[in-house]
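Novice:
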Amino acid sequence: MKIALMDSGIGLLAAAAAVRRLRPDADLVVSSDPGSMPWGPRTPEDVTARALAVARAAAAHRP
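Heads up, the sequence shown is in the UniProt record's numbering, so the first residue is 1 and it goes up one at a time.
#1: For the region 7-54, which segments carrying the beta strand (DSSP E) assignment without a break, of at least 3 residues, lie completely within its bounds, in sequence order?
#2: Taking the alpha-carbon positions, what's the M6 to R42 distance?
#3: When you compare the CB positions of L52 and V30, do they come within less than 8 Å of one another, or not?
#4: What does DSSP give as the partner residue(s) for A4 in the beta ladder?
Below, the structure is given as C-alpha coordinates:
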(Lines of atoms letter the chains of each structure in order from A and count residues from 1; the text may use other names and numbers.)
(Lines give C-alpha, C1' and ligand atoms only; values in the text may rest on other atoms or scores of the structure.)
Protein backbone atom coordinates (compact mmCIF):
# COMPACT_ATOMS: atom_id res chain seq x y z
CA MET A 1 0.00 0.00 0.00
CA LYS A 2 1.23 3.47 -0.88
CA ILE A 3 0.48 6.33 1.52
CA ALA A 4 1.34 9.91 0.60
CA LEU A 5 1.79 12.60 3.22
CA MET A 6 2.14 16.31 2.52
CA ASP A 7 2.80 19.11 4.97
CA SER A 8 4.48 22.47 4.95
CA GLY A 9 5.91 22.19 8.45
CA ILE A 10 7.82 20.00 10.87
CA GLY A 11 4.63 18.07 11.74
CA LEU A 12 5.25 15.96 8.64
CA LEU A 13 8.00 14.04 10.43
CA ALA A 14 5.79 13.12 13.38
CA ALA A 15 2.95 12.14 11.06
CA ALA A 16 5.25 9.94 8.98
CA ALA A 17 6.61 8.26 12.12
CA ALA A 18 3.07 7.57 13.37
CA VAL A 19 2.00 6.09 10.03
CA ARG A 20 5.17 3.98 9.95
CA ARG A 21 4.35 2.57 13.41
CA LEU A 22 0.78 1.74 12.35
CA ARG A 23 1.63 0.46 8.87
CA PRO A 24 5.26 -0.69 8.72
CA ASP A 25 4.48 -2.40 5.41
CA ALA A 26 3.34 0.80 3.70
CA ASP A 27 5.32 2.57 1.01
CA LEU A 28 5.44 6.13 2.39
CA VAL A 29 5.81 9.02 -0.02
CA VAL A 30 6.60 12.14 1.99
CA SER A 31 6.34 15.60 0.44
CA SER A 32 7.48 18.69 2.29
CA ASP A 33 6.02 21.93 0.93
CA PRO A 34 7.45 24.78 3.05
CA GLY A 35 7.02 27.24 0.19
CA SER A 36 3.25 27.00 0.61
CA MET A 37 3.20 28.27 4.19
CA PRO A 38 0.89 29.54 5.46
CA TRP A 39 -2.04 27.59 4.03
CA GLY A 40 -4.74 29.69 5.70
CA PRO A 41 -4.86 32.58 3.22
CA ARG A 42 -4.77 30.31 0.15
CA THR A 43 -7.86 29.89 -1.96
CA PRO A 44 -9.64 26.52 -1.98
CA GLU A 45 -8.67 26.19 -5.64
CA ASP A 46 -4.97 26.68 -4.84
CA VAL A 47 -5.05 24.16 -1.98
CA THR A 48 -6.86 21.66 -4.21
CA ALA A 49 -4.37 22.15 -7.05
CA ARG A 50 -1.39 21.66 -4.73
CA ALA A 51 -2.92 18.56 -3.12
CA LEU A 52 -3.69 17.04 -6.52
CA ALA A 53 -0.15 17.74 -7.73
CA VAL A 54 1.27 15.93 -4.71
CA ALA A 55 -1.16 13.03 -5.22
CA ARG A 56 -0.15 12.70 -8.87
CA ALA A 57 3.55 12.76 -7.97
CA ALA A 58 2.99 10.15 -5.25
CA ALA A 59 1.08 7.90 -7.65
CA ALA A 60 3.93 8.13 -10.16
CA HIS A 61 6.62 7.47 -7.51
CA ARG A 62 8.38 4.13 -7.86
CA PRO A 63 10.56 3.11 -4.91
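We put the beta carbon where it would ideally sit given N, CA and C, even for glycine.
Specialist: In short, the structure shows the following:
#1: If we require 3 residues or more, the beta strand (DSSP E) runs fully inside the region 7-54 come out as 27-32.
#2: One C-alpha to the other measures close to 16 Å.
#3: Not in contact: L52 and V30 (Cβ atoms no closer than 8 Å).
#4: For A4, which the question treats as bridged, DSSP gives the partners V29.
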